[in-house]
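See below for the structure under consideration.
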Ligand SMILES: Cc1ncc(COP(=O)(O)O)c(C=O)c1O
């Protein structure tokens, strides 16, 4: 099948660019020094490629992601880097421990107790390193680890996600602030112990020397937000659309808010002959744009570059893998849901 015959909107992954990104990251963080985050693609077929690249341990954001990875035989070492209280979901994770190694993040007595009650065997203490989100204070981490050990659980170490530092304009400032954040994480690690110190993402992957593993995810497919940073990763994933209405002033394609996450701003829209466009706005099913030169015709295809890849993936059931214009595979986005 030719890429241009796909029904649109179509989520399309360029295999050459994907492979280039996977290799570029593995060169900097080979093997177990990268724990790829699957929330960025939600696709076990893509995770399998990351494993072929040498990474056997993965980061997940939801119980559903963990269970989907286990079902696909990718359960060597799964970290649920998120707090869970739901007893049913925790029990499902506990049941999967016979087939996989599963570690759950905890940041409070509540989350420790919930994990223990469900039969979870291993936890990691999530430490707040400055992002106002999950994670305990560094000075609380030892107490949380002790409580988990009293419940008979293995405490594998600490994690701390510095999400507020991923995209900063000044490189020196970013380096210093990531260093400060990691001081907090390592102070907590002193109190917690265990072999794992896990942190980082695509925006800071190059700044980590004091952790045992980096949790980057977006690097594989990238998005136009991260693409501005000058890292050696390129956008591998676009949503292809069809111009369904056009006039001399603007054109409209069938890639709207329901095919594309907008929380990082407008996507890029290019015509297939490589022309840029000015994007006016998106509505539920439409993007309205003006080609820089020439006029778009009804029936033309466009390539839309998402500004935020993770939530874009969750809007699609399938991704089409292409090499050039040849569609070479159909990947289920099979880790959606909670
Ligand atoms: C806990 C955690 N670790 C790591 C990441 C890294 O992701 P990315 O590669 O998109 O920066 C995220 C992203 O939000 C995250 O929530």
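Numbering (our numbering), first residue to last: 1469 to 1806.
Ideal placement from N, C-alpha and C gives every residue a C-beta, glycine not left out.
Only a predicted model underlies this, so the values are computations on that prediction, with no experimental measurement involved.
Euclidean distance between Cα positions of residue 1473 and residue 1765:
So the two alpha carbons sit approximately 17 Å from each other.
Using a Cβ-Cβ cutoff of less than 6 Å, which residues in the same chain neighbour residue 1659 once the five nearest sequence positions on both sides are dropped?
Spatial neighbours of residue 1659 in its own chain (CB-CB distance under 6 Å, excluding positions within 5 residues in sequence) are listed in chain order as 1609 and 1610.
Give a yes or no on whether the C-beta atoms belonging to residue 1727 and residue 1475 are separated by under 8 Å.
no
With which residues is residue 1415 paired in a DSSP beta bridge?
Limits of the chain in this structure are 1469 at one end and 1806 at the other, which puts residue 1415 out of reach.
Which ranges does the beta strand (DSSP E) cover as unbroken runs of at least 3 residues, wholly within the region 1730-1791, from first to last along the chain?
Considered as a whole, the region 1730-1791 harbours 1736-1739, 1745-1751, 1754-1759, 1769-1773 and 1786-1791 as its complete beta strand (DSSP E) runs of no fewer than 3 residues, in chain order.
Should residue 1796 go down as buried or exposed, given a rule of 16 or more other Cβ atoms within 10 Å for buried?
exposed
Cα-Cα separation, residue 1621 to residue 1572
11 Å
Would you report the Cα separation of residue 1868 and residue 1496, rounded to the nearest angstrom?
Summary: the structure shown does not reach residue 1868, with the chain confined to residues 1469 through 1806, and so no result is reported for it.
Considering residue 1710, what are the terminal residues of the beta strand (DSSP E) in which it resides?
1705-1714
Expected contact under 8 Å - CB spacing of residue 1501 and residue 1681 to nearest Å
6 Å
The beta strand (DSSP E) with residue 1479 in it runs from where to where?
1478-1482
Using the Cα positions of residue 1592 and residue 1542, report the straight-line distance between them to the nearest angstrom.
When rounded, the separation of the alpha-carbon atoms in residue 1592 and residue 1542 is 20 Å.
Tell me, which residues are paired with residue 1470 by DSSP?
1794
Of the choices 1635, 1757, 1579 and 1688, whose alpha-carbon is the least far from that of residue 1769?
1757
Looking at the structure shown, is residue 1627 part of a helix, part of a strand, or coil, going by DSSP?
Three-state result, residue 1627: strand.
Per DSSP, what are the beta-bridge partners of residue 1799 in this structure?
1787
Rounded straight-line distance, which links the Cα of residue 1630 to that of residue 1587:
30 Å
Best match in 1749, 1494 and 1512 for proximity to residue 1546 [C-alpha to C-alpha]:
1512
Pairs of beta-carbons, one from the region 1727-1736 and one from the region 1690-1707, closer than 8 Å: are there three or more?
Counting Cβ pairs under 8 Å, three or more are found: they touch.
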